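Presented below is the structure to which this report refers.
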Amino acid sequence: MLGILPTRLPIPLNAKSGSDCMPSIGAWIDTGCLVALFARDDPHHPSAVSFLESNQRLTLHSIWPVVTEAGFFLDTAGKIALAIRFTPDPSRPSVGH
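Going by my numbering, the letters in the sequence shown line up with residues 103 to 199, in that order.
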């Protein structure tokens with residue numbers, strides 16, 4: 103055993119699930135999802151776009167290394183779209199400022 107602790111607490115046996123619970127409003131996305139969203143020729147592009155269209159209230163989160171890695175897999179048009187989408191908005195405070 104390496105002494106690695108679980109990052110989440112176990113789910114209680116009496117936990118509720120389904121339509122009577124608060125829906126999730128955030129999700130973390132990885133490189134594959136970003137590439138699928140910004141590369142129109144990616145085989146997963148239609149399903150990624152469809153997922154976002156059906157979950158418009160969902161807030162997506164990622165980290166800069168994931169965004170950077172996605173850029174390496176995109177063509178010029180995809181890189182431009184990714185850069186426009188992830189350019190910081192000066193009207194919104196960033197974490198740590």
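Backbone N, C-alpha and C define an ideal beta-carbon position, used for all residues, glycine too.
Every value quoted in this text rests on a predicted model; they were computed, and no experiment measured them.
Beta-carbon gap between Val-151 and Leu-162 smaller than 8 Å: no
Leu-162, DSSP secondary structure in three states: strand
C-beta contact flag for Ile-131 and Ser-156 at 8 Å: no
Close beta carbons around Val-137, own chain, < 7 Å, minus the five adjacent residues each side: Asp-144, Ala-172, Phe-175, Leu-176
Contact set for Gly-134: own chain, Cβ-Cβ below 8 Å, skip 5 residues either direction: His-146
Rounded C-alpha distance that separates Ala-179 from Ala-185: 10 Å
6 Å CB neighbourhood of Phe-188 in its chain, flanking five on each side removed: Val-169
Gly-128 - partner residues in DSSP beta bridges: Thr-161
Residue nearest to Ile-182 in terms of C-alpha spacing, selected from Ser-193, Ala-141, Ser-149, Pro-148: Ala-141
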